[in-house]
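Trainee:
Protein chains in written order, with the numbering used here: chain A, 454 to 791; chain B, 137 to 501; chain C, 5 to 306.
#1: With distances taken Cα to Cα, identify the nearest neighbour of residue 186 (chain C) among C:84, C:122, C:204.
#2: Does the distance from the C-beta atom of residue 377 (chain B) to that of residue 331 (chain B) stay below 9 Å?
#3: For residue 155 (chain B) and chain C, any beta-carbon pair shorter than 9 Å?
#4: Measure the alpha-carbon distance for residue 241 (chain B) versus residue 729 (chain A) and round it to whole angstroms.
#5: Quick check on DSSP: helix, strand or coil for residue 594 (chain A)?
#6: Assuming residue 746 (chain A) and residue 740 (chain A) form a contact by the criterion Cβ under 8 Å, report the distance between their Cβ atoms to the nearest whole angstrom.
#7: What residues in its chain sit with their C-beta under 8 Å from that of residue 304 (chain B), if we drop five residues either side in the sequence?
#8: Are the beta-carbon atoms of residue 627 (chain A) and residue 644 (chain A) separated by less than 9 Å?
#9: For residue 203 (chain C), which residues in chain B fall below 7 Å Cβ to Cβ?
#10: Tell me whether residue 160 (chain B) sits in a helix, a strand or coil according to DSSP, three-state version.
#11: For the segment 385–468 of chain B, list the beta strand (DSSP E) runs that are entirely contained and at least 3 residues long, ordered along the chain.
#12: Applying the 10 Å Cβ sphere with the 16-neighbour rule, what's the burial state of residue 584 (chain A)?
#13: Is it the case that the Cβ atoms of residue 610 (chain A) and residue 571 (chain A) are separated by a distance below 9 Å?
#14: Look at the alpha carbon of residue 682 (chain A) and the alpha carbon of residue 416 (chain B), and state the distance between them as a whole number of angstroms.
#15: Starting from residue 638 (chain A), follow its DSSP beta bridges and name the residues at the other end.
#16: Going along chain B, which residues have a C-beta under 9 Å from residue 136 (chain C)?
#17: So residue 689 (chain A) contacts chain B; which residues on that side make the cut at Cβ distance below 9 Å?
#18: Across which residues does DSSP place residue 545 (chain A) in a beta bridge pair?
#19: Give the residues of chain A in contact with residue 412 (chain B), contact being defined as C-beta atoms less than 8 Å apart.
#20: Give the residues from the segment 628–651 of chain A that approach chain B closer than 7 Å (Cβ to any Cβ), ordered along the chain.
#21: Taking just the CA atoms, how far does residue 316 (chain B) sit from residue 272 (chain B)?
#22: Going along the chain, which residues of its own chain have a beta-carbon closer than 6 Å to the beta-carbon of residue 133 (chain C), five neighbours each way excluded?
#23: Tell me, to the nearest whole angstrom, how far the beta carbon of residue 419 (chain B) is from that of residue 411 (chain B); I am working on the premise that it is less than 8 Å.
#24: Within the segment 196–271 of chain B, note down every full alpha helix (DSSP H) run reaching 4 residues or more, in order along the chain.
#25: From the DSSP secondary-structure annotation, give me the bridge partner or partners of residue 471 (chain A).
#26: Name the one or two DSSP bridge partners that residue 776 (chain A) has.
#27: Just how far apart, CA to CA, sit residue 659 (chain A) and residue 292 (chain C)?
#28: Rounded to a whole number of angstroms, what is the C-alpha to C-alpha distance between residue 710 (chain A) and residue 686 (chain A)?
#29: Count the other CB atoms within 10 Å of the CB of residue 473 (chain A); is the residue buried (16 or more) or exposed (fewer)?
#30: Answer yes or no: does any C-beta atom of chain A fall closer than 9 Å to that of residue 340 (chain B)?
#31: Any C-beta of chain A within less than 9 Å: which residues of the segment 387–418 of chain B qualify?
#32: Along chain C, which residues have their Cβ under 7 Å away from the Cβ of residue 268 (chain B)?
#33: Leaving out five residues on either side along the sequence, give the residues of the same chain with a beta carbon under 6 Å from the beta carbon of residue 245 (chain B).
#34: If we cut at 9 Å on Cβ distances, does residue 599 (chain A) have a partner in chain B?
#35: Using 9 Å as the limit for Cβ to Cβ distance, is residue 727 (chain A) near chain B?
#36: Less than 9 Å between the beta carbons of residue 697 (chain A) and residue 339 (chain B), yes or no?
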């Protein structure tokens, strides 16, 4: 996978997220789910958004699609092809959603209507974005899409119900629906997490293939760094609502800087490890997003923590060429004073 | 490690009675259509045999429909298997009546995948951990309370802080620790872990896995560790068994399985693992496995993996491959094992699954 | 197959993955606002408490005359007469008092019936759901037969057999509440039974009885309670119907049902004799329903 560096924030990027903040107001509490997120997605590239649950990766992608509940307040900027999406009227957003930016969710069983045949669900998506298309043309296009996502026996499967398909096949249907309007950006939100590992590999390979064929950009949201290593051009690691490290994939894995990323990497069981080897584990839990955070959010758990970390949150900036991170004591570098 | 090794294998001629001995286990479920009429039988577990020595960790890997969780439940007789034998320390569990079964259950406990599903949401942590002690009338009230505190400490939870909490006041990792504490209450010899960390966050996973490992060495526990993640299973296990569609397709020492996988399905699993090293070229998984999982109600004839196997040949459809020993403690059920042309079976007539000494199990005896 | 990690139990950490895709409204927020719309659980609870207080306690401690044994000399006094807020009936009995004592009778019946339903029906249904097999079939088929009858028809048939009176009314209406709650209990038990904590309890050595009482019952109780509360309203109306039909509670003992019945004859001349008990019945049923609904919303949002 060749990369040509982190995409600059600017009109060349397909999607530019700048200082995104999302607050949830519930029962008098404010939960800051996303706290100043900045990244770009270049055309036809895959960005892996990696983090554990509660880090804000899903919320931020829902913010892009304007699919957040009413209790959410979004500030900052999300520019798609130069056009600002934050604050856009729902009517206009609907034209973007699905046709320009599409999303595939985690659990295909819940995302598909169990009472409609899958063919109907795909043609519905086609109709939504091209109301003039004839029924026959829509059907043909639907079968085309099903073949594109490598659903075996597409014509016959057209009339199947979701429950007659396996998890992997349902996810392919979801992808077909997402591709119906030929979006420029596809967001795959833990799209393979609920699938078997062999199916996951098949689906990820399919997504990569499609991306290359259709020239589509892909945001791959996952908790699995290994998946990002294999399929993303660029990786952004999130923690407690913030971006904490970002770099082209190979560079990130060769020179991990942020201790959290290091911890994530070390926590992955490796096939090469001998049996009963201990996994290096970081104690503690992700922070409570309802309470105000002072200092670096990872400081309670970080092995390299100092007083400075607890008091001042490190900024997320480009520290080496194409490699951004937010840490006072990055791994593998001399500490430049504390 | 040496002690465990001699317990485990018969290399030195030491044949210890295995802690757990499963023979030809069969579990089936009847599927009924809407009218209540029998529409088919799900062959969830078909003639699976394996053994587990005291203090050993046997990993069990498989994907959806493999039957691994069903196997675990069948071992625990919850529900009892349709046929086959399960011997725990020599005592046959299948067919055991209520009281005797309950008594036998002290020796083997289970930790489930969803920590919140396995803890009664209305109960407090302390009561949850105490329950096994009360059911088996262990000690008196004070003694039990003390043991509960001990157990909570053992799993890294401060009894003062967590004792009175309800499951919904716990995080995933904490809840799983409570489940582990409960499983340890009766001092079992074997704990069956059914995907114990799959629903936990990555970093928390490492914590809980390290806890399980520590308990293993401190208490001499044996584990049947079930997961779909082969890398994870390999890391924690001495031996690994691979299941597909109700059948045991490969079993052997963890390192052996990784270095020289014999069954094409194992190869596919290995290829599917996302490697956290972008420099390593990945073999496209499409080369290793094709198509979709067949229905367990009507599994393919002969070798059940043949419909997805890139190496399948005619004989695979007509003759079911028996589990054969191809290396030290390493068995597989395949007519054309990977990298072992010497063991291929071109002539179906010549195929006679000869019984191995000690039975066709994952042991060298 | 991996179940997605959630940190839902960690306070403050949200898991919007539980939001349906493309659903702009957050379901639990919607439920929460519904609870708020109903006034939380405190307003309906307060109203129900007020009604219970009025019907049970107030006649004992307050200046409420007896509902029976009035002098015919006082008959048909209009509302707001001194000492008679709502006037008196044709026999000289204070109408306000009749309302309260009538309410007491109606509520006694409905609460007793519901309690019997919860105890008998709840336990039997839970047992049936838990044990399965032929025992479940037998129990549920018996209840199915009873449920097949329209509630009122069944109640009338039994009441007819047993005769009038408060106690007999309670038995008669129990033929309705026991099967209904048994159904709910069984359905809830079937769901709970599949949970791993039940399997874990079995592995911990918990016997059937213990599991049923200590694990199954506490977990189906919220659902049972909410239906029971909604059921109280239904039973009050049924009792009213029975009394209206001349079964159930007999005059001169007041119940809202027989008050409505007797008031019906003079509806055009003196509408208040029907309107008052009807209004009381209506308000009470609504309050119980609100309470049941808000409890249900709260318990399912948890």
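For glycine and all other residues, C-beta sits at the position ideal for the given N, C-alpha and C.
Mentor: Inspection of the coordinates gives the following:
#1: C:122
#2: no
#3: no
#4: 27 Å
#5: helix
#6: 6 Å
#7: 252, 257
#8: yes
#9: 214
#10: strand
#11: 460–463, 466–468
#12: exposed
#13: yes
#14: 9 Å
#15: A:554, A:670
#16: Ordered by position in chain B, no residue passes the 9 Å Cβ test against residue 136 (chain C), which lies about 11 Å from the chain.
#17: Ordered by position in chain B, no residue passes the 9 Å Cβ test against residue 689 (chain A), which lies about 15 Å from the chain.
#18: Bridge partners of residue 545 (chain A): none, in fact.
#19: 678, 679, 682, 706, 718, 721, 723
#20: 649, 650, 651
#21: 18 Å
#22: 190, 193, 194
#23: Wrong, their Cβ atoms sit about 10 Å apart, outside the cutoff.
#24: 204–211, 234–240, 261–271
#25: A:530
#26: A:773
#27: 56 Å
#28: 18 Å
#29: buried
#30: yes
#31: 389, 390, 391, 394, 401, 404, 405, 406, 407, 408, 409, 410, 411, 412, 413, 414, 415, 416, 418
#32: 208, 209
#33: 319, 324, 327
#34: no
#35: yes
#36: no
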